[in-house]
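With the first letter of the sequence shown counted as 1, position 90 gets the number 92 in my numbering; the numbers rise by one all the way through.
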Amino acid sequence: QFENVIINTSSTPVPALFTSQALQAAGNSFSFTAFSIMDGLTGRLRKTFIPEEIPPGAERRTVVDQPVIIYRPKNKIDGLTFVIGAANMPLSKYASIIAALNSENHVVIGFFVNILNPPLRNHRVKAERIAQIFQELKREFRVDTYDIVGHSIGGKIALLVTALYDENNLVRNITALDPVDQHPIEFTNETSKRKLLRRASNATSNGSARRLGGANGSVNGSVLSSVNGDASPQDTPSTNLDLRSSRADITLTCTDSGYFINKKHNAREIQNFNPSVKLVMHRNSCHMVYCDDDGLISWKALMGRGKSADHNQRIRDETISLVKERAVRSNGKGKYNSKSTSKKKSSSNGKKSSGGKNMAGKAKKAMSNGMNDLNEIGRDAKRMGQQAAAMSKVMG
Numbered sequence: 003q004f005e006n007v008i009i010n011t012s013s014t015p016v017p018a019l020f021t022s023q024a025l026q027a028a029g030n031s032f033s034f035t036a037f038s039i040m041d042g043l044t045g046r047l048r049k050t051f052i053p054e055e056i057p058p059g060a061e062r063r064t065v066v067d068q069p070v071i072i073y074r075p076k077n078k079i080d081g082l083t084f085v086i087g088a089a090n091m092p093l094s095k096y097a098s099i100i101a102a103l104n105s106e107n108h109v110v111i112g113f114f115v116n117i118l119n120p121p122l123r124n125h126r127v128k129a130e131r132i133a134q135i136f137q138e139l140k141r142e143f144r145v146d147t148y149d150i151v152g153h154s155i156g157g158k159i160a161l162l163v164t165a166l167y168d169e170n171n172l173v174r175n176i177t178a179l180d181p182v183d184q185h186p187i188e189f190t191n192e193t194s195k196r197k198l199l200r201r202a203s204n205a206t207s208n209g210s211a212r213r214l215g216g217a218n219g220s221v222n223g224s225v226l227s228s229v230n231g232d233a234s235p236q237d238t239p240s241t242n243l244d245l246r247s248s249r250a251d252i253t254l255t256c257t258d259s260g261y262f263i264n265k266k267h268n269a270r271e272i273q274n275f276n277p278s279v280k281l282v283m284h285r286n287s288c289h290m291v292y293c294d295d296d297g298l299i300s301w302k303a304l305m306g307r308g309k310s311a312d313h314n315q316r317i318r319d320e321t322i323s324l325v326k327e328r329a330v331r332s333n334g335k336g337k338y339n340s341k342s343t344s345k346k347k348s349s350s351n352g353k354k355s356s357g358g359k360n361m362a363g364k365a366k367k368a369m370s371n372g373m374n375d376l377n378e379i380g381r382d383a384k385r386m387g388q389q390a391a392a393m394s395k396v397m398g
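Structure representation (structure tokens):
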């Protein structure tokens, strides 16, 4: 692009901006600026995607061929919780959740999810390792049961642990934050849903399940959904894993954003197939709302931003309270004394009880949730109608 530059050979002085000294200085300045930007970008990328140095008191260890980070509480250990992140998301993004668990005297086993390794049966291999890691560590920390907090794919992996690898019912609580049942689909298969609807008239009140064995472990030990108990090996490709036999207290959260998340395979759909699990809707937030500082570039950029920063903060605070409450229940210490519960006062102090206001608030929230559900159904129906109309035009 500089081949056609005309060189000034006249006696007219060259403007100071274009002297060789000025150009050299400008070049040096540009190089310095470029390197500064690259250094800053590299630092941000490292902060966002690459697990940085572990915090003081934590320990990096390899257990059952799986690298983990162990975060110990300051006081005597009352419980053990695995924290499983989203795909290739550093554990530093869950520092607030880890700190909340440590504050309730839970030792935290941080599990980084490398979605590329192993290339086959990635989710199940990780789920099986979690159960094996607990067997290796339970004597060291003197615990008999454990909890799991998982986010995104980590939430699905948490559900796989209790569905496939918890025959002795050692998992007490699972908090799956916006779990994603994709690649592969194992809890929300549509073919299985249609079978369930066809068999509904013959279903028993509590259902039934059976285990099928497999030579390579791909089906071995899995609890397969079978409404009338007649599942067969031929059904396994289109039959969902079942959470009904799990003894764990399972809570799912669900946001309504995320570019890569199909609504047919989100937390809400998982709960539709497994009505016994709890579902908490975090509407108008984003898939990465549960993560701490997102850095300059992160997966959060592809997952929406939510209604507002204040709303996202409220969701994060609610999630921390949920995580701490589950930890306290696992400890067997009784009611969780959070700020929200501490605001509830007895009417014995002469003040009017706020029970009526609480009931009204709950009713209002339920109505709001119902309206949101109807609006969402309406949007889905409209979208399906538009797709059908477009298809009819193509077909002529």
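Just so it is clear, CB atoms sit at the ideal spot from N, CA and C, and this is done for glycine as well. Keep in mind the model is a prediction, meaning the values are calculated, not measured.
Thinking just about the alpha-carbon of each residue, which of the options is nearest to the one in residue i?
{"i": "S2", "options": "H313, P69 and A250", "result": "In the structure as shown, the chain begins at 3 and stops at 398. Residue 2 is therefore absent and cannot be evaluated."}
{"i": "A60", "options": "V110, L82 and G81", "result": "V110"}
{"i": "I155", "options": "G308, I56 and N264", "result": "N264"}
{"i": "A160", "options": "K78, P186, L254 and Q68", "result": "L254"}
{"i": "F113", "options": "M290, Q68 and S247", "result": "Q68"}
{"i": "K78", "options": "P58, R246, H108 and N171", "result": "H108"}
{"i": "A165", "options": "H185, H125, H153 and L179", "result": "H125"}
{"i": "S259", "options": "L281, L245, M290 and R249", "result": "M290"}
{"i": "N171", "options": "Y292, P58, H185 and R246", "result": "R246"}
{"i": "L281", "options": "H185, F262 and T321", "result": "T321"}
{"i": "H153", "options": "G308, I187 and N268", "result": "N268"}
{"i": "K266", "options": "G308, H185, S310 and E130", "result": "H185"}
{"i": "F262", "options": "Y292, E138, D180 and I56", "result": "D180"}
Once you ignore the five residues that flank residue i on each side, which residues in its own chain have a CB closer than 8 Å to its CB?
{"i": "V325", "result": "I99, A102, L103, V151 and T177"}
{"i": "K140", "result": "L82, D146 and Y148"}
{"i": "V115", "result": "I86, G87, A88, A89, N90, M91, K128, I155, G156 and I159"}
{"i": "I56", "result": "R62 and I71"}
Output needed for residue i: all residues of its chain with C-beta closer than 6 Å, excluding positions within five of it in sequence on either side, in chain order.
{"i": "I132", "result": "F84 and V163"}
{"i": "D294", "result": "K95, A97 and S98"}
{"i": "N274", "result": "none"}
{"i": "S332", "result": "G81, D149, R174 and N175"}
{"i": "H284", "result": "T255, T257 and I317"}
{"i": "I135", "result": "V65 and V66"}
{"i": "I252", "result": "I176 and V279"}
{"i": "S248", "result": "T164"}
{"i": "K309", "result": "N286"}
Bridge partners of residue i, per DSSP?
{"i": "A97", "result": "Answer is none; A97 lacks a bridge partner."}
{"i": "E61", "result": "I72"}
{"i": "D149", "result": "T83 and N175"}
{"i": "C256", "result": "M283"}
{"i": "F113", "result": "V70 and I86"}
{"i": "L103", "result": "Paired residue(s): none; L103 is not in a bridge."}
{"i": "D180", "result": "Bridge partners of D180: none, in fact."}
{"i": "H108", "result": "G81"}
{"i": "D251", "result": "N175"}
For residue i, collect the residues of the same chain with a Cβ closer than 7 Å to its Cβ; drop the 5 residues on either side in sequence, then sort them by chain order.
{"i": "L63", "result": "In the sequence as presented, Leu is not what sits at residue 63; that position holds Arg. These residues qualify, in order along the chain: V70 and I72."}
{"i": "F189", "result": "L161, D183, N242, L243, I272 and F275"}
{"i": "R74", "result": "G59 and V109"}
Inter-stretch contact (C-beta, 8 Å, three-pair minimum) for the region 133–149 and the region 115–123: no
The region 76–93 touching the region 315–322, judged by at least three CB pairs closer than 8 Å: no
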